[in-house]
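Trainee:
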Amino acid sequence: MKTTFKQGFSKSRLAGAVAAVSAGTMFAVPNAVFAQEADSVEEIIVTATRRDTSIQDVPYNISAVSGDDLEKANIKDVSELMRSLPGVQYIDRDWRSGGVVNGILMRGVNIDAGTQGDVQLSAAPPVATYLNNTPLFVSLALRDIERVEVLRGPQGTLYGSGALGGAVRYIQRAPKMEEFEANVSGYYSQTEGSSGWNHGVDGIVNIPMGDKLAARMSFGTLKRAGIIDYANAYVLDGSAVPVLENPADVVNSPALYQDIEDADEVNVDYARASLRFEPNEKFSAQLDYFTQEGDAGGRRQQTESMDDYEFGGLILEPSERELDLVSLELEVDLGFATLTSSTSQYDHDSTAVTDNTGFYANAGFGFYYAGSPRPLNRATRTFEDSSLVQELRLVSNTEGAIDWILGAYYQDQNFGMTQLSETPGLNDWVVASLEQGAPGLDEGPWLPETGADWYAYWWLMDTSSDVDWRYSRNMNYVEKAFFGELTYHVSDRWQVTAGARKFDVESEIDSRAELPFWFMLDEFDQSFSDSDTIFKLNTSVDLTETDMVYATWSQGYRRGGANAVSTSGPFPEDPGLLSYGADTVDNYEIGIKGTLDRRLQYNAALFRVNWDDVQLNTAGPVSGYFVVVNGDEAVSQGLELSLNGQFTDTLDGGISYTYVDAELTEDILFPGQTVSTREAGSALPGIPEHAVTARIGYLQSLSSGLSMYYQMNGYYQSETENSASSSPREAATHDGFALLNASVSLSADAWNLDLFVKNIANEDGVTGARTQATWGQNYAGSQSQWFNYSYANDASSSFITMPRTLGMSATYRF
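Whatever position you read off the sequence shown (first residue = 1), add 16 for the working numbering.
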């Protein structure tokens, strides 16, 4: 039976709490209506198998959480959601960078360092994300959501070739026929370290137009006050050039500094319009349009050498993003099977600024500053992701010993990325230095043997602008695939499923890199193609009406591609870097799931993932250009446990535990190199060995139809590594941390009022870092003996969880 959800509490609705906790989530509230006794566990229906199925009948480890429970737990962003789900980790780069690089990790399948996040990556993420049926990664505003489904392990036979570690599906609510619905909600909160307030307003309306047509519209805003102070930033003029402390001395004057408080403010607006047509029981059509845009003023990262909530960057690092998505889903009941057509097209654009001053100094590129007392490197980056996706599925309806699914998939995806690196004000400083008569320098490995004046040499190189690097990369991926699964019911209790996906991938990459200082211009035009077939085999046995054991072997595949590097010129890379191959996983899983005493649901799974030809997003060792390289092997194995449900008529909750042992089993070597810093035995980054989620809730009935619900939930993870590399430029160990949240809700049929506190102990919760050796005050490279950078700022930083936040929210239903 399908579950329907309705806001509000009452004693008869207590069983609703089980719908979410039975799915393995950390939180739930009794806000659903069920036609069942309160002492039994209610079904929650998911579509992860491409047909409506009770979550406890899915023969592998899956979690789901309803949109109502997201709202009642005041979960506004993806990071909070992911920490509520057992076996899921999240590298929390905040809204600024979290919408560029997917930070969701499952079953230990991750090799990229925690420093990734500012640049769109070439390799597809190991965990695939879907908005309804569209494969799309976006830092989604979690509003008007029907449910979120989390599938662990590769899902390639049904969900595309990129799902190595798992898949997350955000399913939005569909329009409802013959049922008017409207509500408005808002929240207000304040976060430790901020002088401002967080607030937001959301509205939803469902308008039936007879019994065959309905429209649904939603809209909202999210305003989050900043908490991070850029405590030692340059004062900039209208051209983004540092303002001089002494304007009369252009050559020697340092810059003016300022303290910019609460710089990382976030503003997000979203809207959705959906139209559904159901002329009869055999056909339905739904057209959706979704748009979301937002901006952030800076990073939510703090520098350890400074005070709490302070960051040592020289300039603000804002970002902005916009998403537009149109989709059309048609469904036809053919009798023997249901035919579904899913068509979607989206455009996702982003712009961000990065302060690369410390990175240049530590990477040995400090000669670009040439001794200026006001060193600065600003990188302005853009990315574009647009795609056309078409999928056809035929799902059997007939009863019998065999069920089947057949499908065809097509995706044409375009990635675009640019970077403009500048040294603002440097050209003016060079001119002034030449006019004043700069001292001669006859040393330095980069200078002509004639001992030419360094400043004159710089002047000869480029007198046109402050640009030191221009880069653009355009990639096109076309995937065509046929997939299917066949299930044979050997008996009423035993089933066997076999699945396969045959696909072809073609990619082209065009890029351009220009270094004006070196008179260097590289243009690349490369292509890559591959085809393969991946397989899945699953079997399960029903021990009782409510208990099941299962075993799964499934394969995952992630496409390869081409890198944009030069094999000649001043920064030649090894030809082996011109392309990178696909990586694959073999996932083995055995598990048991079921119900205890009609009240509690349990899940237990053992898994092992063998990962071959692992793809690492990194930089070329000579040029520093963005590249992907292949390693050899990694292995992840572990245990997933959860127990959730109704302890008494008024007390509910759950607990989960995940153990993961994930490490490289072979060194990762760049082409042409024999020494590696990513050695066999290194722990895979971002993966805690131990993780726990827990939740408990109590319902109290009051007079006049009111009720109170009290809830506490928590999350713990053990220490993690920032990188699999032993190089100090990436390596760091992050302490384990625990987050504790609490809330109390007063509810009636038409309204509810919630008070909440998140991160009660105000834990930092570090999940990634930009190290001192790369971003701090350690001036690397031989150039430091010739030039005094006069660079006193420290832009190393830790990615922290949101500090303690207290607030209230309210909803009114019409």
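Note that CB positions come from ideal geometry on N, CA and C, so glycine has one too.
In this structure, how does DSSP classify residue 789 when only helix, strand and coil are distinguished?
Mentor: If DSSP states are grouped into helix, strand and coil, residue 789 belongs with the helices.
Trainee: Here's the rule I'm using: 16 or more other beta-carbon atoms within 10 Å means buried, otherwise exposed. How should residue 151 be labelled?
Mentor: Classification of residue 151: buried, given that the 10 Å Cβ count is 16 or more.
Trainee: If we ignore side chains and look at the alpha-carbon of each, how far apart do residue 448 and residue 266 end up?
Mentor: 7 angstroms
Trainee: Assuming residue 88 is part of the beta strand (DSSP E), what are its boundary residues?
Mentor: Careful: residue 88 lies outside any beta strand (DSSP E), inside the alpha helix (DSSP H) at 83 to 88.
Trainee: Classify residue 801: buried if its beta carbon has 16 or more other beta carbons within 10 angstroms, exposed otherwise.
Mentor: At residue 801, the pLDDT of 43 sits below 50, so the modelled position is not reliable; the number obtained from the coordinates is stated separately. Answer is exposed; the Cβ neighbour count stays below 16.
Trainee: Which ranges does the beta strand (DSSP E) cover as unbroken runs of at least 3 residues, wholly within the region 273 to 345, from first to last along the chain?
Mentor: 273 to 276, 282 to 296, 299 to 312
Trainee: Counting C-beta neighbours from all protein chains within 10 Å, is the total for residue 819 16 or more, i.e. buried, or is it exposed?
Mentor: Burial call: buried.
Trainee: Is residue 39 buried or exposed, if buried means 16 or more other CB atoms sit within 10 Å of its CB?
Mentor: Bear in mind that a pLDDT of 40 at residue 39, under 50, signals an unreliable position, so the number given afterwards is only what the model happens to contain. Buried.
Trainee: When you compare only the Cα positions, how much space is there between residue 399 and residue 136?
Mentor: 7 angstroms
Trainee: Drop a sphere of 10 angstroms on the beta-carbon of residue 606, count the other beta-carbons inside from all chains shown, and report buried for 16 or more, exposed for fewer.
Mentor: exposed
Trainee: Under the three-state reduction of DSSP, which class applies to residue 393: helix, strand or coil?
Mentor: coil
Trainee: Just verifying my parser: in three-state terms, what is the DSSP assignment at residue 96?
Mentor: helix
Trainee: Using DSSP with H/G/I as helix, E/B as strand and the rest coil, what is residue 379?
Mentor: If DSSP states are grouped into helix, strand and coil, residue 379 belongs with the helices.
Trainee: Which residue from 570, 682, 390 puts its Cα closest to that of residue 514?
Mentor: Among 570, 682, 390, the Cα nearest to that of residue 514 belongs to 570.
Trainee: Apart from the five residues just before and just after residue 327, which ones in its own chain have a Cβ nearer than 8 angstroms to its Cβ?
Mentor: 244, 245, 246, 247, 279, 314, 315, 317, 318, 319, 811, 813
Trainee: For residue 110, which of helix, strand or coil comes out of DSSP?
Mentor: helix
Trainee: Hey, residue 103 and residue 674: beta-carbon distance below 7 angstroms or not?
Mentor: yes
Trainee: Could you tell me which of 564, 231, 191, 201 sits nearest to residue 90, measuring between CA atoms?
Mentor: 201
Trainee: For the region 678 to 686 and the region 696 to 710, state whether three or more C-beta atom pairs, one from each stretch, are separated by less than 8 angstroms.
Mentor: yes
Trainee: Select from 759, 787, 786 the residue whose C-alpha is nearest the C-alpha of residue 87.
Mentor: If we check each option's Cα against that of residue 87, 759 comes out closest.
Trainee: Compute the Euclidean distance between the alpha carbons of residue 427 and residue 169, then round it to the nearest angstrom.
Mentor: 22 angstroms
Trainee: Closer than 6 angstroms by C-beta to residue 143: which residues in its own chain qualify, once you throw out the five before and the five after it? Chain order, please.
Mentor: 120, 122, 181, 182
Trainee: Per DSSP, which one or two residues make a beta bridge with residue 409?
Mentor: 356, 423
Trainee: Which residue comes first and which comes last in the beta strand (DSSP E) that contains residue 495?
Mentor: 483 to 505
Trainee: Starting from residue 510 and walking both ways along the alpha helix (DSSP H), at which residues does that stretch end?
Mentor: Run containing residue 510: none in the alpha helix (DSSP H); it sits in the beta strand (DSSP E), 510 to 531.
Trainee: Looking at the structure shown, is residue 182 part of a helix, part of a strand, or coil, going by DSSP?
Mentor: The answer is strand: DSSP assigns residue 182 an E or B state.
Trainee: Nearest-angstrom Cα distance between residue 220 and residue 722?
Mentor: 24 angstroms
Trainee: Can you tell me which of 60, 629, 772 puts its alpha carbon nearest to the alpha carbon of residue 126?
Mentor: 629
Trainee: Can you tell me which of 553, 517, 523, 539 puts its alpha carbon nearest to the alpha carbon of residue 486?
Mentor: Nearest option by C-alpha distance: 539.
Trainee: Tell me, please, which residues DSSP counts as bridged to residue 667.
Mentor: 714
Trainee: Give every residue of the same chain whose Cβ lies closer than 6 angstroms to the Cβ of residue 305, excluding the five residues on either side of it in the sequence, and list them in chain order.
Mentor: 289, 342
Trainee: Any idea which residues DSSP pairs residue 608 with across the strands?
Mentor: 565, 620
Trainee: For residue 656 versus residue 621, is the C-beta distance shorter than 7 angstroms?
Mentor: Between residue 656 and residue 621, the C-beta gap is smaller than 7 angstroms, which places the two residues in contact.
Trainee: Quick one: residues in its chain with C-beta nearer than 6 angstroms to the C-beta of residue 597, no 5 flanking neighbours on either side, listed in chain order?
Mentor: 576, 629, 646
Trainee: Can you tell me the Cβ-Cβ gap for residue 370 and residue 395, rounded? I've got them flagged as a contact below 8 angstroms.
Mentor: 4 angstroms
Trainee: What whole-angstrom Cβ distance do residue 261 and residue 271 have, given they're in contact under 8 angstroms?
Mentor: 7 angstroms
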